[in-house]
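Below you'll find the structure, written out as structure tokens, and then a few comments.
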Amino acid sequence: MRPLRLTAGAVCAAVLLTACSSGGGGNTIGGQARNAGGTGGGGAVEQLSVAQRGKPLAVSGTELTGAPWSSSADAKGKVVVLNVWGSWCGPCQTEFADLQKAWTQLKASGQPVVMMGLDFKEGADTALATTRERGMTYPSLQYGDGRTIAALGGNFKNSPPTTLVLDSQHRVAARVTGPVDSTTLVGLVDDTLSGK
């Protein structure tokens, strides 16, 4: 596993350069991130090869609206995007619009992808008000007693925002520690869907 750092300019430059190239291996967001050596949205981007992925995560809890949710039942066989956030978290606030933009694109694509926010260390009423105020249309799980976050194990270092992309077996395929932009997130999901 190797951390990657991309600036928005580096991502744009990588996109333009690789769009003109004839090779296929570097034309993924993950390939561009590896070649550019920066961050997408300010966060550290890390992709794991299929061989590097650990055991599947089983995430479950109660949505902010009160509905139960389980990755094993409600997202079986689908790529899952998990985003740990809090309304009190400044860096989280900077990525809300990008997360919504990414979700809008992913949902419209018709691909087998689920996106779920994981609220961190605040009450469900506060979190629900934030999602409504920010126009977030993907659901989030309540923090509750913290078991939902605990299910992430070492994939979350107790400091939001953190975004995980799980493959169809729910193993961590990509991780962004810090804010992520929509282009990077959609690219990481596309890479995961294509088996990278």
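Residues -24 to -1, 1 to 172 (mature numbering (1 follows the signal peptide of the UniProt record, and there is no 0)) are what the sequence shown spells out, left to right.
Here a beta-carbon is modelled for each residue, glycine too, at the ideal position from N, C-alpha and C.
Remember, it's a predicted structure, so these values are computed and weren't measured experimentally.
Looking at the backbone, the Cα of Ser25 and that of Val165 are separated by about 13 Å. By the neighbour-count criterion, in which a residue is buried when 16 or more other Cβ atoms sit within 10 angstroms of its Cβ, Trp64 is exposed.
Just so you know, the alpha carbons of Ser158 and Ala73 end up roughly 8 Å apart. Partner residues in the beta bridge of Asp95, as assigned by DSSP, are Trp61.
Here DSSP, grouped into helix, strand and coil, assigns Ser46 to strand. In this structure, Ser144 is the residue among Gly154, Ser144, Arg151 with its C-alpha nearest to the C-alpha of Gly53.
Annotation: the continuous beta strand (DSSP E) that includes Leu142 extends over 138 to 142.
Three or more Cβ pairs closer than 8 Å define a contact, and the region 33 to 48 meets that threshold against the region 111 to 123. Taking all protein chains in view, the Cβ of Asn59 is crowded by 16 or more other Cβ atoms within 10 Å, so the residue is classified as buried. If you draw a 10 Å sphere on the C-beta of Ser47, you find 16 or more other C-beta atoms in it, and that means buried.
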